[in-house]
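> Numbering (our numbering), first residue to last: 0 to 306.
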Amino acid sequence: MDITSENQELNDYYLPTAGDYFCLLKPRVVSLVIFTAFIGLLVAPGEIHPIIGFTAILCIAVAAGASGCLNMWYEADLDAKMKRTAGRPIPSGKIDPESALHFGVGLSVASVLTMGLLVNAVAAVLLTVTILFYVVVYTMWLKRRTAQNIVIGGASGAFPPMVAWAAVTGDVSLASVTLFAIIFMWTPPHFWALSLYACKDYANAGIPMLPVVSGEKATKNHIMLYTLAMVPVTLLPWYFGFAGLIYGATAALLGGMFIWLSYALLTDKKSVDEDSASAKKVFFFSIFYLFALFAVLGIENLIGRVL
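1) Tell me, to the nearest whole angstrom, how far the beta carbon of residue 285 is from that of residue 221; I am working on the premise that it is less than 8 Å.
2) Cα-Cα, which of 258, 282, 264, 237 is closest to residue 297?
3) Helix, strand or coil: how does DSSP classify residue 2 here?
4) Does the segment 15–24 come close enough to the segment 132–149 to have 3 or more Cβ pairs within less than 8 Å?
5) Once the 5 residues before and after residue 265 are set aside, which same chain residues still bring their CB inside 6 Å of it?
6) With burial defined as no fewer than 16 other Cβ atoms inside 10 Å of the residue's Cβ, what is the status of residue 167: buried or exposed?
7) Pick from 138, 63, 156: whose alpha carbon is nearest that of residue 148?
8) Is residue 39 closer than 8 Å to residue 163 when the C-beta atoms are compared?
9) How many Å lie between residue 2 and residue 70 at the Cα?
10) Once DSSP output is grouped into helix, strand and coil, what is the label at residue 74?
11) Please say whether residue 184 and residue 175 have beta carbons closer to each other than 8 Å?
12) Which ranges would you report for the alpha helix (DSSP H) in the segment 230–257 if only whole runs of at least 4 residues count?
13) By how many angstroms is the C-alpha of residue 227 removed from the C-alpha of residue 150?
14) For residue 201, name the three-state secondary structure that DSSP assigns.
15) Could you give the DSSP three-state label for residue 113: helix, strand or coil?
16) In angstroms, rounded to a whole number, what distance separates the CA positions of residue 29 and residue 159?
17) Look up residue 13 in the DSSP assignment and say whether it is helix, strand or coil.
18) Among residues of its own chain, excluding the 5 on either side of residue 55, which ones have a beta-carbon nearer than 7 Å to its beta-carbon?
19) Starting from residue 125, trace the alpha helix (DSSP H) in both directions and tell me its first and last residue.
20) So, at 6 Å on beta carbons, what are the nonlocal neighbours of residue 208 in its own chain, with the 5 sequence-adjacent residues on each side left out?
21) Considering only the alpha carbon of each residue, which of 271, 230, 267 lies closest to residue 257?
22) Quick test of your reading: residue 61 and residue 110, contact by CB under 8 Å. State the CB separation rounded to the nearest angstrom.
23) Taking just the CA atoms, how far does residue 82 sit from residue 232?
24) Leaving out five residues on either side along the sequence, give the residues of the same chain with a beta carbon under 7 Å from the beta carbon of residue 278.
25) Going by CA-CA distance only, name the one from 157, 120, 112 that's closest to residue 132.
26) If contacts are defined as beta-carbon pairs under 8 Å, then residue 96 and residue 79 qualify, I think. What distance do you get, rounded to the angstrom?
27) Just mark residue 74 as buried or exposed, buried being the case when its beta carbon has 16 or more other beta carbons within 10 Å.
28) Please check the pair residue 72 and residue 99, which I expect to be a contact at CB under 8 Å, by giving their CB distance rounded to whole angstroms.
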């Protein structure tokens, strides 16, 4: 990925800092990955030594950061065209692409090997799939080719609780697939809401996000439909019996709020260019929504163990 000559000149005399490399790891995204993985580790049946559990979460965090780093390496040309991402370390010239590539690959290999040697092989295989899905399937294959990129590629962000579950149990179960399904269904409305108010950025970069390809109205319809499909999926942990009534009631209440906000976005007569408030409400609520669901699931599990 080429960067501009101006940024290359900056890179010739700028010494990258630890903070620049840390930015390559997409820390805000990784924080949610760590949290959902930790809840997967917590609610999985069986016991795991605290040090092994910490190692598993650390490996998941490092792998997620490495995936973000490789994503930035591959998409440096696109990032340079968008206001939202132009200040990232590679397009701004703070880190050269080759260094970012080596950093991302090194962290990826280290995270998988550590998971396999110190935790178990199943978790290591799932972690490998997670990295490859995000870097190869989503970033390299889908992102620039189809408006359905986030629907399929979003699976990469849904793997962490399943990986953590496998770290405890050594297998994949219906319950862990359910946690995967919640995040998988949550991802499209979450990112489509973002893409609505960042549509010009995506269009300038030539990324075929849904609002760029199909327009604002179609995107709002998709958000509404996916939200309606997602809410029943979030009730599955209660239905299958590995979550209790508190979680079920919370999922129903928050799901109703998500549906209401998506409907408000759908029926908002203002274009997002004029007023992006309704799209931003859906986006920021979706972050709280996923955090709250997994938090209640974890807290309820802890209470159940104590009692």
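We treat Cβ as the ideally placed atom computed from N, Cα and C, and that holds for glycine.
Predicted model, so just to flag it, every value in this text is computed and none were measured.
From the atom records:
1) Locating residue 285 in the sequence shown gives position 286, counting from the first residue. Locating residue 221 in the sequence shown gives position 222, counting from the first residue. The pair is not a contact, with the Cβ atoms about 14 Å apart (cut-off 8 Å).
2) Reading the sequence shown from its first residue, position 298 is the one you call residue 297. That would be 237, whose Cα lies nearest to the Cα of residue 297.
3) To locate residue 2, count along the sequence shown from 1; it is residue 3. Per-residue confidence for residue 2 stands at a pLDDT of 49, beneath the threshold of 50, marking its modelled position as unreliable; the derived number appears in the next sentence. DSSP places residue 2 in coil when its eight states are reduced to three.
4) Output reads no: the segment 132–149 does not touch the segment 15–24.
5) Along the sequence shown, one-based indexing puts residue 265 at 266. Excluding positions up to five away in sequence, the list reads 219, 223.
6) Start at 1 with the first residue of the sequence shown, and residue 167 comes out as number 168. So residue 167 counts as buried.
7) For the purposes of this step, residue 148 is taken as the residue at position 149 of the sequence shown. Answer by Cα proximity: 138.
8) Residue 163 sits at position 164 when you count from the first residue of the sequence shown. Residue 39 sits at position 40 when you count from the first residue of the sequence shown. Yes. Within cutoff.
9) The residue given as residue 2 occupies position 3 in the sequence shown. The residue given as residue 70 occupies position 71 in the sequence shown. Confidence at residue 2 is low in this model, with a pLDDT of 49, below 50, so its placement is unreliable and the value that follows should be read with caution. The alpha-carbon atoms of residue 2 and residue 70 are separated by roughly 15 Å.
10) Mapped onto the sequence shown, residue 74 falls at position 75. It is coil, neither helix nor strand.
11) In the sequence shown, counting from the first residue as 1, residue 175 sits at position 176. In the sequence shown, counting from the first residue as 1, residue 184 sits at position 185. No, the pair does not count as a contact, with Cβ atoms beyond the cut-off.
12) Here the runs fully enclosed are 235–239.
13) Here residue 150 corresponds to residue number 151 of the sequence shown, with the count starting at 1. Here residue 227 corresponds to residue number 228 of the sequence shown, with the count starting at 1. Distance between the alpha carbons of residue 150 and residue 227: 15 Å.
14) On the sequence shown, position 202 is the one that residue 201 refers to. Looking at residue 201 - three-state DSSP - the assignment turns out to be helix.
15) Mapped onto the sequence shown, residue 113 falls at position 114. In this structure, residue 113 counts as helix in the three-state DSSP scheme.
16) Walking along the sequence shown from the start, residue 29 turns up at place 30. Walking along the sequence shown from the start, residue 159 turns up at place 160. Going by the C-alpha atoms only, they are around 10 Å apart.
17) Reading the sequence shown from its first residue, position 14 is the one you call residue 13. It is coil, neither helix nor strand.
18) Along the sequence shown, one-based indexing puts residue 55 at 56. Closer than 7 Å at the Cβ level, and outside the excluded window around residue 55, lie 40, 114, 118, 122, 163, 166.
19) Your numbering for residue 125 matches position 126 in the sequence shown. 120–131 is the span of the alpha helix (DSSP H), which, as asked, contains residue 125.
20) As a first step, residue 208 must be located in the sequence shown, where it is residue number 209. For residue 208, where only same-chain residues beyond five positions count, the Cβ hits under 6 Å are 194, 201.
21) Working through the sequence shown from its first residue, we reach residue 257 at position 258. Ranking the options by Cα distance to residue 257, first place goes to 230.
22) Start at 1 with the first residue of the sequence shown, and residue 61 comes out as number 62. Start at 1 with the first residue of the sequence shown, and residue 110 comes out as number 111. At roughly 4 Å, the Cβ-Cβ gap stays under 8 Å, so residue 61 and residue 110 are in contact.
23) On the sequence shown, position 233 is the one that residue 232 refers to. On the sequence shown, position 83 is the one that residue 82 refers to. Distance between the alpha carbons of residue 232 and residue 82: 35 Å.
24) As a working mapping, residue 278 is identified with position 279 in the sequence shown. Contacts found: 192, 195, 196, 264, 271.
25) Residue 132 sits at position 133 when you count from the first residue of the sequence shown. If we check each option's Cα against that of residue 132, 157 comes out closest.
26) Within the sequence shown, numbered from 1, the residue matching residue 96 stands at position 97. Within the sequence shown, numbered from 1, the residue matching residue 79 stands at position 80. Actually they are not in contact, since the Cβ atoms of residue 96 and residue 79 sit about 11 Å apart, beyond 8 Å.
27) Counted from its first residue, the sequence shown places residue 74 at position 75. Buried, since its Cβ has 16 or more Cβ neighbours within 10 Å.
28) Taking the sequence shown and counting its residues from 1, the one referred to as residue 72 is at position 73. Taking the sequence shown and counting its residues from 1, the one referred to as residue 99 is at position 100. Sure, about 4 Å apart at Cβ, within 8 Å.
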